[in-house]
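Inspection log for the structure reproduced underneath, given as structure tokens.
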Amino acid sequence: MPLPPKKKERRELIGPVLHFRGVQGDRWRISALFVLTGAAEPPDMEVDGVLLPAPARHIATLDDRHVWRWEFAVPRAAAESRVGFGFAGGDHWYMTVPGTDEAPRIAYTACNGTEDESVFSQGNPPRNARWGDLNARHRSLPFHLLLHGGDQLYADAVWTDCPTLEAWRSLSSQDQLEAPFTEEMAGQAERFYFDLYCRQWSQAEAAALLSTVPSIMMWDDHDIFDGWGSHPDDQRNCAVFQGLHDVARRAFALFQLGCAVEDPADCVWGAATGTFTQGFRIGNLGIFAPDLRTERSQSRVMGEDTWGLLPGWLDRFTGCDHLLFMSSVPMVFANLHMVERLVNLLPGQASMEDDLRDQWRSYVHEKEYHRLITLLGDIARERGMRITFLSGEIHLGACGVIRGSGYDLWQLTSSGIVHPAPSKLYAGILERLSRGRETIATGTTLEMLPFPETGRRYIRARNWLALHFDEDRRLNARWHVEGAAEALTRVVQV
Numbered sequence: 001m002p003l004p005p006k007k008k009e010r011r012e013l014i015g016p017v018l019h020f021r022g023v024q025g026d027r028w029r030i031s032a033l034f035v036l037t038g039a040a041e042p043p044d045m046e047v048d049g050v051l052l053p054a055p056a057r058h059i060a061t062l063d064d065r066h067v068w069r070w071e072f073a074v075p076r077a078a079a080e081s082r083v084g085f086g087f088a089g090g091d092h093w094y095m096t097v098p099g100t101d102e103a104p105r106i107a108y109t110a111c112n113g114t115e116d117e118s119v120f121s122q123g124n125p126p127r128n129a130r131w132g133d134l135n136a137r138h139r140s141l142p143f144h145l146l147l148h149g150g151d152q153l154y155a156d157a158v159w160t161d162c163p164t165l166e167a168w169r170s171l172s173s174q175d176q177l178e179a180p181f182t183e184e185m186a187g188q189a190e191r192f193y194f195d196l197y198c199r200q201w202s203q204a205e206a207a208a209l210l211s212t213v214p215s216i217m218m219w220d221d222h223d224i225f226d227g228w229g230s231h232p233d234d235q236r237n238c239a240v241f242q243g244l245h246d247v248a249r250r251a252f253a254l255f256q257l258g259c260a261v262e263d264p265a266d267c268v269w270g271a272a273t274g275t276f277t278q279g280f281r282i283g284n285l286g287i288f289a290p291d292l293r294t295e296r297s298q299s300r301v302m303g304e305d306t307w308g309l310l311p312g313w314l315d316r317f318t319g320c321d322h323l324l325f326m327s328s329v330p331m332v333f334a335n336l337h338m339v340e341r342l343v344n345l346l347p348g349q350a351s352m353e354d355d356l357r358d359q360w361r362s363y364v365h366e367k368e369y370h371r372l373i374t375l376l377g378d379i380a381r382e383r384g385m386r387i388t389f390l391s392g393e394i395h396l397g398a399c400g401v402i403r404g405s406g407y408d409l410w411q412l413t414s415s416g417i418v419h420p421a422p423s424k425l426y427a428g429i430l431e432r433l434s435r436g437r438e439t440i441a442t443g444t445t446l447e448m449l450p451f452p453e454t455g456r457r458y459i460r461a462r463n464w465l466a467l468h469f470d471e472d473r474r475l476n477a478r479w480h481v482e483g484a485a486e487a488l489t490r491v492v493q494v
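Residue 1 is where the sequence shown starts when you use UniProt numbering, and the numbers rise one by one after that.
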């Protein structure tokens, strides 16, 4: 067995970051990501005192920082078990693996940051207070999976922190469209994303969860930069936008999926078409995380290649009782068509226009939205499968339902774990727009449901979501809300 390198030769910058790789037979498959300094190979890793037969895999380098990945599978017993893993003769961590006879306990988060980090120095609660709350709950009753629904990173500062990109922004609109994406731009952007991930993943409150609960992560616009995909087509397709997207894409794959773009994990079902769509099946529970950013444009959310593959992907969940469908943007939300059309007429509202265009319920995505509702509704009815949407993005908590002929599609929205809530005015407008039941198609209605504890349809405070299945296979959803003494609860019937 090789000796561990001397302490001065190696330093952990981040890690472990656990990524869920799915279930194979009775084994719980995991990868563990570390960023270490120094050229020395890391020590061997052991799981429950047994050395892994395969060494770490080196998957990326930037300067003196090296990204390493270990992969291992843990046998599952009938009841849940606590598993220790770590470096031989060094640091160790622990995770809890669900039993084969039980569904996993799941935590869901979204919006892990903000466009302006200075807000946390203005007397607001600590930046990571909700992460601290989640960690305290985890220590009391451990979670088996941690789902991240988008905007794990707020990378909007790439335009100001990279001098070459800041200079590009000062060009005329036409010159911006014609400018190349230079090697210097690429180098600065690569370092920006790498540094930002290292800062994010090393913050103590989040790191405690990332190192002890395997994650499933899907990106949204801020993981690239604000509004990606909802910009005008000529801007989205210009060399600088496309080049920056490629850098962000590689960083996302590395830090949020634990793999290189060229060597995706087998849970990345969309790899063949260049997307990060992922799927997992755990007994009678399915988890599906479609990539709603890579192919996005002003006129579409998913490309036709993805639409062609979608029915086959969903067929893989045949026999499941319940499918958790991670849609970064809520499927069940207020109708903002009139607001969007009004904003389009106002000058200087490009950012708000992008935010509204991002929504599934934007009038420009209406046809595609109904296409997806029809597909999922048919599957839910024909297979007797409950489908529940998990979403973030709106910086509010919410619950809603689409009811059709022989099916209900539930929506659970939780956001943000870090991002502050919007203004009372905005939340109040949404409350008024969300009253009543809306008919969205013949025989199909949409309704935002008030929480019994508050009488309101939206939670205007930072929050995260806990999910567990009870003995009757009902999904119990609990929003843990900043400033609230008790969690807000909804029960989704099977």
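Positions of the beta carbon are idealized from the N, C-alpha and C atoms, including for glycine.
In angstroms with no decimal places, state the Cα-to-Cα distance between residue i and residue j.
i           : j      : result
Thr454      : Gly38  : 53 Å
Gly86       : Pro290 : 32 Å
Cys320      : Ser328 : 22 Å
Gly392      : Trp360 : 12 Å
Ser121      : Ala398 : 28 Å
Ile440      : Phe389 : 17 Å
Phe333      : Met448 : 7 Å
Asp221      : Thr114 : 12 Å
Val158      : Val67  : 22 Å
Ala54       : Asp226 : 40 Å
Met331      : Gln411 : 7 Å
Leu13       : Asp64  : 11 Å
residue 583 : Phe34  : The chain is shown from 1 up to 494; residue 583 falls before or after that span and cannot be answered.
His337      : Thr442 : 19 Å
Ala61       : Leu430 : For the record, residue 61 in the displayed sequence is Thr; it is not Ala. About 46 Å.
Leu210      : Gly90  : 19 Å
Arg127      : Ala421 : 13 Å
Gly308      : Glu184 : 38 Å
Ala186      : Gly270 : 25 Å
Asn284      : Ile387 : 12 Å
Ile30       : Ala380 : 30 Å
Thr306      : Thr273 : 7 Å
Just reading off the alpha helix (DSSP H) that residue i is part of, what are its end residues?
i           : result
Leu372      : 366 to 383
Val175      : Position check: residue 175 holds Asp in this sequence, whereas Val was assumed. Where Asp175 is concerned, the enclosing alpha helix (DSSP H) stretches over 173 to 178.
residue 554 : The chain is shown only over 1 to 494; residue 554 falls outside these bounds and no answer can be derived.
Gly74       : Correcting the residue type first, residue 74 is Val in the shown sequence and not Gly. Where Val74 is concerned, there is no enclosing alpha helix (DSSP H), although the beta strand (DSSP E) it sits in stretches over 65 to 75.
Val401      : Val401 -> not in any alpha helix (DSSP H); beta strand (DSSP E) instead, spanning 397 to 404.
Ala204      : 204 to 210
Leu244      : 239 to 252
Arg137      : 129 to 140
Leu196      : 183 to 201
Ala40       : Per DSSP, Ala40 belongs to no alpha helix (DSSP H) and is neither H nor E.
His160      : For clarity, residue 160 is Thr in the given sequence; the question names His instead. That run of the alpha helix (DSSP H) goes 158 to 161.
In chain order, what residues of the same chain have a beta carbon less than 8 Å from the beta carbon of residue i, not counting five sequence neighbours either side?
i      : result
Ala251 : Glu190, Tyr193, Phe194, Tyr197
Ile417 : Thr109, Ala110, Cys111, Asn112, Arg130, Trp131, Leu134, Arg462, Asn463, Trp464
Pro347 : Reliability fails at Pro347, whose pLDDT of 49 lies under 50, so the model's placement of it is uncertain and no value is given.
Sorted by chain position, which residues of the same chain lie with C-beta nearer than 7 Å to residue i's C-beta, five sequence neighbours on each side aside?
i      : result
Asp233 : Ser297, Gln298
Val364 : Gln298, Ser299, Arg357
Gly99  : Arg76, Ala77, Ala78, Ala79, Glu80
Ala239 : Ala179, Pro180, Phe181
Near residue i, what residues of its chain come up, given a Cβ to Cβ distance below 6 Å and the 5 sequence neighbours on each side ignored?
i           : result
Gln493      : Arg474
residue 500 : Because the chain spans 1 through 494 in this model, residue 500 falls outside it and cannot be assessed.
Phe143      : Arg105, Ala107, Val213
Thr160      : Glu166
Would you call residue i buried or exposed, if buried means 16 or more other Cβ atoms sit within 10 Å of its Cβ?
i      : result
Pro16  : buried
Leu51  : exposed
Gly286 : buried
Val268 : buried
Tyr94  : exposed
Val491 : exposed
Val119 : exposed
Which residue marks the beginning of the beta strand (DSSP E) containing residue i, and which one marks its end?
i      : result
Arg490 : 488 to 492
Ala272 : Counting along the chain, Ala272 falls outside any beta strand (DSSP E), and DSSP gives it neither H nor E.
Asp408 : 407 to 413
Gln278 : 278 to 282
Arg82  : 81 to 87
Arg386 : 386 to 391
Met45  : 45 to 47
Glu447 : 444 to 448
Ala60  : 57 to 62
What residues are listed by DSSP as bridge partners for residue i?
i      : result
Tyr108 : Leu147, Leu465
His19  : Ser31, Ser215
Tyr94  : Gly84
Trp479 : Leu465, Leu488
Phe288 : Gly279, Phe325
Gly302 : Strictly speaking, residue 302 in this sequence is Met, with Gly absent from that position. Looking at the DSSP assignment, Met302 forms no beta bridge with any residue, so it has no partner.
Gln24  : Arg27
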